[in-house]
Amino acid sequence: MTKPLQCSKKCKSSTQPGFWFRGLRILFGGVLLGAVVFCGACEKAPVKPVDISANDVCFYCKSPITEVAFAGEFVTKSGFVRKFDDIGCLLADAKKVGKKNIQAFYFIDMVSKKWFPAEEVHFLRSDKIRTPRNGGIIAFQDASKAQQIASRYQAELVQFDDILK
Ligand SMILES: [Zn+2]
1 MTKPLQCSKK CKSSTQPGFW FRGLRILFGG VLLGAVVFCG ACEKAPVKPV DISANDVCFY
61 CKSPITEVAF AGEFVTKSGF VRKFDDIGCL LADAKKVGKK NIQAFYFIDM VSKKWFPAEE
121 VHFLRSDKIR TPRNGGIIAF QDASKAQQIA SRYQAELVQF DDILK
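Going by our numbering, the first residue of the sequence shown is number 1, and it counts up by one from there.
Here you go:
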């Protein structure tokens, strides 16, 4: 019974130089491991869209985002998410930031009200389409649905590369 007691006393002693050395090694090991895990996540884990919260405002025009169906967002290369109330606001801000500094764009599908990456949606553009800031662009995941609505608004069916010009 006396041996374990002695051992724990010895181990707890912080006056030994070995204690600090071990502590530093553990600390450095942890930092290194953390850095590896973090960088691995940067490169491999796909970026995800972030839902609009009740008090979110448009990053560009600062208006509250009340109609989620018209919303869009992008994630910068440094990981910041910018949310917009209108695709027109998103495009204006994206042009300022520069496409090379943005890693992902997401848009709300008018039908499902869910996020989709830019390359999976089709856009309708027309000045007859009323959007919160008069951007006149709405997004659809289903191309046939977009086509159907296009004729109603005399809108043109375009892809993301067309609207980001
Ligand atoms: Zn806006």
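Built from N, CA and C at the ideal position, the CB exists for glycine as well.
Contact check, residue i vs residue j, beta carbons under 8 Å
{"i": "E67", "j": "F84", "result": "no"}
{"i": "G88", "j": "R133", "result": "yes"}
{"i": "E120", "j": "Q141", "result": "yes"}
{"i": "F123", "j": "A143", "result": "no"}
{"i": "A69", "j": "I108", "result": "yes"}
{"i": "K145", "j": "V111", "result": "yes"}
Burial state of residue i, where buried means 16 or more other Cβ atoms lie within 10 Å
{"i": "R130", "result": "exposed"}
{"i": "A54", "result": "exposed"}
{"i": "R25", "result": "exposed"}
{"i": "I125", "result": "In the sequence as presented, Ile is not what sits at residue 125; that position holds Arg. Flag for R125 reads buried."}
Under the three-state DSSP convention, the category residue i falls into
{"i": "G88", "result": "helix"}
{"i": "A118", "result": "helix"}
{"i": "R82", "result": "strand"}
{"i": "V97", "result": "helix"}
{"i": "Q159", "result": "coil"}
{"i": "S149", "result": "Looking at the sequence itself, residue 149 is Ile, so the reference to Ser does not match. Note: I149 maps to helix in three-state DSSP."}
{"i": "V57", "result": "strand"}
{"i": "V68", "result": "helix"}
Alpha carbon of residue i to alpha carbon of residue j, nearest angstrom
{"i": "F116", "j": "K62", "result": "23 Å"}
{"i": "V75", "j": "F105", "result": "7 Å"}
{"i": "I65", "j": "A71", "result": "7 Å"}
{"i": "D86", "j": "K77", "result": "22 Å"}
{"i": "E156", "j": "G135", "result": "14 Å"}
{"i": "F160", "j": "P49", "result": "17 Å"}
{"i": "F59", "j": "R22", "result": "48 Å"}
{"i": "V97", "j": "V158", "result": "22 Å"}
{"i": "L163", "j": "K100", "result": "The identity of residue 163 in the sequence shown is Ile, whereas the question assumes Leu. The straight-line gap from Cα to Cα measures roughly 16 Å."}
{"i": "V57", "j": "P46", "result": "25 Å"}
{"i": "C42", "j": "V81", "result": "For C42, the predicted structure reports a pLDDT of 49, less than 50, and the residue's modelled location is therefore unreliable. The matter cannot be settled from this model."}
Rounded Cβ spacing between residue i and residue j (contact assumed at less than 8 Å)
{"i": "K113", "j": "Y153", "result": "No, K113 and Y153 are not in contact; Cβ-Cβ is about 19 Å, not under 8 Å."}
{"i": "I102", "j": "A94", "result": "6 Å"}
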